[in-house]
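Residue numbers (my numbering), protein chains in the order written: chain A, 560 to 840; chain B, 96 to 321. Using N, Cα and C, we set each Cβ at its ideal position, and we do this for glycine too. Bear in mind that the values here come from a model prediction, so they are computed numbers and not experimental data. The next block holds one structure in the form of structure tokens; read it before the comments.
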Amino acid sequence: MIETPAALRPSVAHERAKSIMPSSESNTTPLPTFEVSNLSIWYGEKPAIQDVTINIPSKTITAIIGPSGCGKSTFLRCLNRMHELIPRTRIEGKVLFQGQDLYSPGSDPTVVRRRIGMVFQKSNPFPTMSIAENVVIGLKLNGVRNRTLLDERLENSLRMAALWDEVKDDLRKPGMSLSGGQQQRLCIARAIAVEPEVLLMDEPASALDPIATMKVEELIHELSAKYTIVIVTHNMQQASRVSDRTAFFYVGKLIEFGETTEIFAAPKEKKTEDYITGRFG
Amino acid sequence: MPADKHILSRFDEALEALRGDVLMMASLTEKNLRNAMRCLVDRGSNLCSATIADEGEIDELEKSIDADGVELLRGFQPVASDLRQIVSIIKICSNLERIADQAVNIAKRCRKLNRDPNPSDTEQINAMFAQAIGMVQDSMSAYRMSDVNLARSVLERDKMLDQMNHDLATTLTTTMGLVPERITDYLNLLFIARHLERVGDHAENIAEDAIYAASAEDVRHNKVQA
């Protein structure tokens with residue numbers, strides 16, 4: 560096994576917090592991976608997220624739903640500081656990741672993005688790389704050179720992404736030679752190869768056909784045993800199928816957050832009801 | 096039901112049509128139940144046969160509503176209040192069909208009773224009928240108007256109907272001992288009372304579905320507070 564670099568390990572504070580939690584509570588309420596409080600984000604003068612407070616429990620799947628422009632992708636990106644890649648972005652409020660402030664001066668965005676992986680709407684394998692190179696590139700960039708370890712992580716990641724059986728004989732072929740659904744699972748394999756603790760997914764199946772979508776959904780379900788997953792989706796049936804909890808955003812505000820079964824059976828807020836039943840606008 | 100219009104007008108139209116169908120089915124069921132009791136009071140065997148024959152229309156409506164409900168679920172994958180509406184309609188429709196079955200059972204018992212020229216004592220049965228049909232009407236009104244309080248009142252009234260059935264059974268059993276030559280008539284009356292008690296149970300189920308449709312609360316198998 561590859562030793563996880565110290566920067567990628569869960570914080571000591573988080574581990575301590577786990578140990579002092581009452582056992583009865585820890586059985587029912589998972590510790591939050593993210594504790595977001597009073598978060599606001601602006602692109603220039605334009606507010607994208609306004610005063611959002613939400614706790615995202617660990618090893619669960621949280622779906623973010625809402626109409627276009629409601630801030631759901633911005634919210635997702637702020638969980639691993641990806642939004643900072645957009646110029647003139649300003650943030651207020653707190654985002655604690657396993658008890659540590661993601662935005663404290665000592666927090667390195669590169670390390671943050673290693674611990675909190677991301678899968679995008681459009682599959683984006685590196686076009687000049689083989690399937691194998693695509694998966695292990697993150698490890699190589701982190702200085703891992705041991706061939707045995709790289710091969711081990713390559714196979715494990717592809718197996719976890721439910722792609723190994725389909726590509727094990729074609730590992731040297733270009734990543735771009737795969738189908739759209741396979742490319743997306745390759746990107747998921749690439750994301751999990753560096754052993755993150757969280758996977759953020761921005762509409763990971765929106766460009767896929769129904770069969771490929773179901774494979775990705777099944778994969779998300781299996782990965783939730785090991786990772787905290789936050790998924791942005793426009794597909795409400797998908798949110799309803801794959802997630803444990805659902806958050807509904809509207810014009811940059813968090814309108815409602817709760818158990819997915821409750822949100823889709825009996826939402827408390829009228830705006831949520833109107834949106835999910837198609838009575839919006 | 097949500098007050099605002101659905102973005103897909105076809106969905107609103109289809110759901111409204113489904114609601115209309117289940118309300119029509121409720122009207123037909125109520126008419127059948129009233130006719131079944133008229134069989135007992137007016138002692139007309141033709142009416143008994145007509146009531147029994149009318150059940151076919153209700154059976155067809157049940158199948159049609161089920162099919163339309165499944166089609167709405169398949170085509171629109173509704174959620175929240177829309178999903179609750181459709182699920183409740185399908186369940187209400189099943190209970191209405193069973194109430195119609197009870198009306199047929201009553202009509203069949205009446206046909207047997209009517210063979211005897213001596214009219215039976217139907218006063219207590221009439222009181223049970225008034226209670227049962229009132230529960231059916233109010234449970235459907237509660238559904239139509241999303242009136243949770245009215246639906247809850249139906250749940251409470253079912254206990255009264257059960258008590259009336261129990262009291263009538265005691266009276267009839269005692270009478271059987273006193274007038275043994277008419278034991279068959281009294282047994283038929285006992286069965287009619289039992290059918291009315293079952294009508295009350297189905298009305299209670301409809302009231303529970305009305306509460307679920309309106310508020311998402313599942314009150315089944317809860318003990319009603321006295």
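Check this for me: beta carbons of residue i and residue j, under 8 Å apart or not?
i, j, result
"A771 of chain A", "G811 of chain A", "no"
"I751 of chain A", "A720 of chain A", "yes"
"R749 of chain A", "E776 of chain A", "no"
"I615 of chain A", "F634 of chain A", "no"
"I153 of chain B", "L168 of chain B", "no"
"V249 of chain B", "A298 of chain B", "yes"
"A322 of chain B", "A825 of chain A", "Chain B is shown from 96 up to 321; residue 322 of chain B falls before or after that span and cannot be answered."
"L713 of chain A", "V726 of chain A", "no"
"L263 of chain B", "M223 of chain B", "yes"
"V791 of chain A", "L638 of chain A", "no"
"T619 of chain A", "D761 of chain A", "no"
"I624 of chain A", "A798 of chain A", "yes"
"S736 of chain A", "G652 of chain A", "no"
"L655 of chain A", "V671 of chain A", "no"
"A766 of chain A", "K829 of chain A", "no"
"D149 of chain B", "N127 of chain B", "yes"
"R133 of chain B", "Q197 of chain B", "no"
"P684 of chain A", "Q742 of chain A", "yes"
"C629 of chain A", "F823 of chain A", "no"
"E818 of chain A", "K827 of chain A", "no"
"R636 of chain A", "D99 of chain B", "no"
"C205 of chain B", "A288 of chain B", "no"
"E756 of chain A", "R674 of chain A", "yes"
Can you tell me where the beta strand (DSSP E) holding residue i begins and where it ends?
i, result
"N614 of chain A", "605 to 616"
"N597 of chain A", "591 to 602"
Going by DSSP, what residues sit across from residue i in a beta bridge?
i, result
"T787 of chain A", "A:V757"
"P733 of chain A", "A:S689"
What span of residues does the alpha helix (DSSP H) with residue i cover, start to end?
i, result
"I184 of chain B", "175 to 208"
"A622 of chain A", "That residue, A622 of chain A, is in no alpha helix (DSSP H); its beta strand (DSSP E) goes 620 to 624."
"C143 of chain B", "140 to 171"
"P769 of chain A", "769 to 782"
"K254 of chain B", "243 to 273"
"K829 of chain A", "829 to 835"
"V841 of chain A", "Given that chain A is displayed from residue 560 to residue 840, the structure contains no residue 841 of chain A and the question cannot be resolved."
"T707 of chain A", "706 to 719"
"K100 of chain B", "Premise fails: K100 of chain B is in no alpha helix (DSSP H) and is neither H nor E."
"N221 of chain B", "218 to 240"
"T124 of chain B", "104 to 137"
"T792 of chain A", "Neither: T792 of chain A is in no alpha helix (DSSP H) and is coded neither H nor E."
"V294 of chain B", "278 to 310"
"R744 of chain A", "739 to 752"
So which residues on chain C does residue i lean against when the C-beta distance must stay under 8 Å?
i, result
"P826 of chain A", "Of the protein chains in the structure, A and B, none is chain C."
Can you check the stretch 798 to 826 of chain A for any beta strand (DSSP E) of at least 3 residues that lies completely inside it and give the ranges in chain order?
804 to 809, 812 to 818
Scan the stretch 632 to 700 of chain A and note each continuous alpha helix (DSSP H) run of 4 residues or more that stays entirely inside, going in chain order.
-> The DSSP assignment places 668 to 674, 690 to 700 as complete runs of the alpha helix (DSSP H) inside the stretch 632 to 700 of chain A, in order along the chain (cut-off: 4 residues).
The stretch 118 to 128 of chain B touching the stretch 180 to 195 of chain B, judged by at least three CB pairs closer than 8 Å: Contact holds between the stretch 118 to 128 of chain B and the stretch 180 to 195 of chain B, because three or more Cβ pairs, one in each stretch, are under 8 Å apart.
Checklist line | Meets three-Cβ-pair contact criterion under 8 Å: the stretch 641 to 657 of chain A and the stretch 727 to 738 of chain A | finding: no
**Asked** On the three-pair Cβ rule with 8 Å, is the stretch 292 to 306 of chain B touching the stretch 267 to 279 of chain B?
**Response** no
Examine the Cβ distances between the stretch 663 to 672 of chain A and the stretch 692 to 701 of chain A and report whether three or more of them are shorter than 8 Å.
No, the stretch 663 to 672 of chain A is not in contact with the stretch 692 to 701 of chain A.
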